[in-house]
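With our numbering, the residue at position 45 of the sequence shown is 45, and numbering never jumps. Every residue gets a Cβ at the ideal spot worked out from N, C-alpha and C, and that includes glycine.
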Amino acid sequence: EDKIPALPKVCIDHLGISDSNFEILLNLIRDGLAIKATGFGRVDLNVEETIREIHKVSPDALMFGTDLPSTRARRVYSDQDFYTVLDVLGENEAQKVFSENAINFYGLEKTQA
Numbered sequence: 001e002d003k004i005p006a007l008p009k010v011c012i013d014h015l016g017i018s019d020s021n022f023e024i025l026l027n028l029i030r031d032g033l034a035i036k037a038t039g040f041g042r043v044d045l046n047v048e049e050t051i052r053e054i055h056k057v058s059p060d061a062l063m064f065g066t067d068l069p070s071t072r073a074r075r076v077y078s079d080q081d082f083y084t085v086l087d088v089l090g091e092n093e094a095q096k097v098f099s100e101n102a103i104n105f106y107g108l109e110k111t112q113a
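Okay, structure coming up:
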């Protein structure tokens, strides 16, 4: 926990995978840790509540992904994963999770569609 904030950029997949150290995870997010909202079929936590709590701590921390090809998950990606994020955060905030946060995290150039 003490060494992670000193790293240049860190991103943890699968919403942290369980809620066993969730308070530590939230503290790291406050320090700039990024979290991928991926692999909902792999996690041992309440996805909706976890997304809500992470977003409350840092709207810039969450990045959406499909986790494909996920061959070991109990449940593979489905379009409902996308709609879960959309339903929890609403359209404007979900847009950051679907694109803007990753563009900023990876230092990509934003293009117009």
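Item                                                                                           : Value
Whole-angstrom distance between T38 and L26, CA atom to CA atom                                : 17 Å
Delimiting residues of the beta strand (DSSP E) encompassing A37                               : 34-37
DSSP three-state assignment for L62, whether helix, strand or coil                             : strand
Reference G32, options L68, S58, R52, closest by Cα                                            : S58
Proximal residues to Q80 (C-beta, below 8 Å), its chain only, five neighbours per side dropped : none
Run of the alpha helix (DSSP H) containing V43, from where it starts to where it stops         : Run containing V43: none; DSSP gives neither H nor E here.
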